[in-house]
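The structure appears right after this line, and notes come after that.
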Amino acid sequence: MANANGIFAWHVVALVTAAMLAIAARGPEAGTSAAQSLKQFLPVFLIPVIWMALQLIPVPTFLLANPIWSAASIALNQPSLPGRISVDPGATLQSLFHYLVDVALLVSTVIIAKDRQRADTILIVLCVVTTFMSVEVLLGRLDLFAGTIPETGTATSPFPAAAALAVLANGALVARALERHLHQQDIRNLASAQLWIGVLSGLFGMAAALAAMSALERGALLAVTGWGLTVLVFIAAVRNLGFRSWPSAILFSFLAAIAGLMAVPHSRSAGLDLLGFVRLPADVVAPAKHLLFDAPILGNGVGTFGLTSLAYQEFGTAASAAPPSTAILIAIELGRFAIVILAGFAAHLFFVTFLGAVRRGRDFFFAAVAAAGVLVVLCESFLDSSLSSRTIQTIVSVMIGLGLAQSAGRTSGANH
């Protein structure tokens, strides 16, 4: 529905999310349980809200306000014209509303997914949705479906990120089938229909997603997705070997070394800059490059890239430019320092879900897929701008909520 009619779909998403949060919070222990799982992330949720609110507050034009307000004041001969950090307060306010919807969706998912059966349902739905989007990419290559499948090659297309998340979700589905089979009384019975349905469904989804990424020619994203799968395999291995505390340090060191090796070629060719991770033609990157260089330290305002990029395009170009990557978009709209803060938040989420998966019992794959998803999304934000898609933001919110809900304790009323 989001691909068919985005504006209508996101109004529906907002209403459904509000209703879902209200219904989920009515449980006798729902609020307390969710508060315990999310209290450590309160600064993570509040800092973006405060940042966007500050961008909307009128400030004197000679202080923190964007220079565009001073220029407008001079052009209109109105010295008292109030300035703001955001060049488009309406777009920033709308972005703040979208962010609050995503947070509400994450919180309601944490409440709902405390129950193991509901968590199973959410994982299966994530697999179905992301796999379907990957199949859409493959069908879009056929002449029979020309014009009926949304464009999959645009800069802000959600399909590359959906394919990467489909690999992880279906990998967790395979782990779920194997783990549930190992906990049966007769593990030697390989004729179990539940085992083969789960394994074959997961393998089909992974194959479709990998084929979609190959069709989109996203080699770097394919490598990043491989490291996400490595996280799933590593968590399963250390659990079976009985490791608890120090595997997280090993994984962190391993991923840091890999990230450094991946950054070396970019640093040699384009310098240690955000544009060095993007593989796009120079004429496509040029508007964002100039806009990034001229962006104030506090950014131009969330949701304003489309408006501000018009001033940096060649004469006669009507359409607004697309951001080369989500990291560049954040640096332009929120300031470069925001990238460091958001990367720190992502690292916090990763280690909480990673350690939760290592400490969990047979349901470790819920937290493991969230940890792998956070890692893949963080890396992909430097490669393309698919994370700026509202569809991907919704999927990521649900996946993280699922992982946080299942990071500790047993569920579904099972005997302790």
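In terms of this note's numbering, the sequence shown is numbered consecutively and its last residue is 538. The beta carbon of each residue, even a glycine, is placed where N, CA and C say it ideally should be. No experiment lies behind these values; they were computed from the predicted model shown.
Please list the terminal residues of the continuous alpha helix (DSSP H) segment that includes residue i.
i    : result
Q239 : R238 to L261
Q316 : A315 to A337
I514 : R512 to A527
F163 : Here F163 belongs to no alpha helix (DSSP H), and DSSP marks it neither H nor E.
N292 : F281 to L304
S447 : Run containing S447: none; DSSP gives neither H nor E here.
N362 : G341 to L363
Y221 : P211 to I234
L186 : That residue, L186, is in no alpha helix (DSSP H); it is neither H nor E in DSSP.
T430 : F427 to T430
Do you know offhand how far residue i's Cα is from residue j's?
i    : j    : result
T475 : R361 : 14 Å
D237 : A144 : 17 Å
G341 : V518 : 22 Å
K161 : Y434 : 43 Å
A156 : V232 : 6 Å
L260 : I234 : 33 Å
A453 : G423 : 10 Å
P180 : W191 : 11 Å
R302 : V353 : 20 Å
F281 : V251 : 11 Å
A358 : R148 : 35 Å
A213 : I463 : 22 Å
L178 : I372 : 43 Å
S389 : A469 : Low confidence applies to S389: its pLDDT is 46, below 50, so where it sits in the model is not reliable, and the reading given next is rough at best. S389 and A469: Cα-Cα distance of roughly 23 Å.
A410 : P189 : 18 Å
C249 : A315 : 19 Å
How would you label residue i, buried or exposed, when you count the other beta carbons within 10 angstroms and need 16 or more for buried?
i    : result
A299 : buried
T347 : buried
P403 : exposed
R206 : buried
G466 : exposed
V209 : buried
E258 : buried
P552 : In this structure the chain extends from 123 to 538, so residue 552 is not present and cannot be described.
A141 : exposed
L394 : Only weak support is given to the placement of L394: the predicted model assigns it a pLDDT of 45, under 50, and the value that follows is read from those uncertain coordinates. So L394 ends up on the exposed side.
F415 : exposed
Which complete alpha helix (DSSP H) runs does the region 459-509 hold, if anything under 4 residues is left out? 486-502
On the three-pair Cβ rule with 8 Å, is the region 482-496 touching the region 321-335? no
Meets three-Cβ-pair contact criterion under 8 Å: the region 445-465 and the region 512-520: no
Inter-stretch contact (C-beta, 8 Å, three-pair minimum) for the region 258-267 and the region 216-230: no
Using 8 Å as the threshold, is the region 234-249 in touch with the region 171-183, meaning 3 or more CB pairs across them? no
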